[in-house]
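Notes follow once the structure below has been shown.
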Amino acid sequence: MEVHRWNGAIAAKAIDGDGGDEVLICRGMLLLLLSVLVASAFCVLGTCAASREADEFVTCTSVVKLKNNQDGVRLHSHDVKYGSGSGQQSVTAVQDGDDVNSYWQILADKIARISEGRVY
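Laid out in structure tokens, this is it:
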């Protein structure tokens with residue numbers, strides 16, 4: 001599935017703390033900028049389990065993996081452990097497609113007002 005419409009969005013990643021369900025966490029404006037910059041180089045591999053059909057749109061709250069088809073790598077994020085507990089995230093590209101830290105959620109910018117059914 002390719003993304004044909006992209007709204008300014010704040011990306012979030014899925015964290016699997018105990019091997020169970022994934023928890024989605026908002027990451028902020030840095031990932032917004034990063035997601036917009038890589039959107040042209042990456043294509044969407046899939047959305048959340050509820051909407052796997054090829055004709056589905058990527059919408060607010062969609063969960064996706066982003067892949068660079070040319071290099072065969074996926075956008076990936078994980079906590080960076082510096083001594084002070086800075087809470088920063090490292091965003092890299094990895095070849096492992098099954099890592100839970102490679103899931104991203106599309107969320108609307110807090111400033112934008114999103115109407116149900118509206119397409120950007």
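Residue 70 in full-length UniProt numbering is what sits at position 70 of the sequence shown, and the numbering runs on without skipping anything. Yeah, the Cβ is synthetic: ideal placement off N, Cα and C, and Gly gets one too. Model, not experiment: these values are computed from the prediction.
Can you list, in chain order, the residues of its chain whose CB lies under 6 Å from that of residue i, leaving out five sequence neighbours each side?
i    : result
S102 : K65, R74, H76
T92  : H76
Can you name, in chain order, every residue of its own chain whose Cβ lies under 7 Å from the Cβ of residue i, other than the five neighbours on each side?
i   : result
D79 : Q89
C60 : I106, L107, A108, I114
D98 : none
K81 : none
Which term fits residue i, buried or exposed, when burial requires 16 or more other beta carbons within 10 angstroms of its beta carbon?
i   : result
K67 : buried
L30 : With a pLDDT of 42 at L30, under the threshold of 50, the predicted position of this residue should be treated as unreliable, though the coordinate-derived value follows. Its Cβ having fewer than 16 others within 10 Å, L30 is exposed.
In the DSSP assignment, find the beta strand (DSSP E) that holds residue i and state where it starts and stops.
i    : result
V100 : No beta strand (DSSP E) holds V100; DSSP gives it neither H nor E.
T92  : 89-94
K67  : 66-68
V73  : 73-79
For residue i, I'd like the list of residues in its chain whose CB is within less than 8 Å of its CB, leaving aside the five on either flank, ordered along the chain.
i   : result
G72 : Q95
G87 : D79
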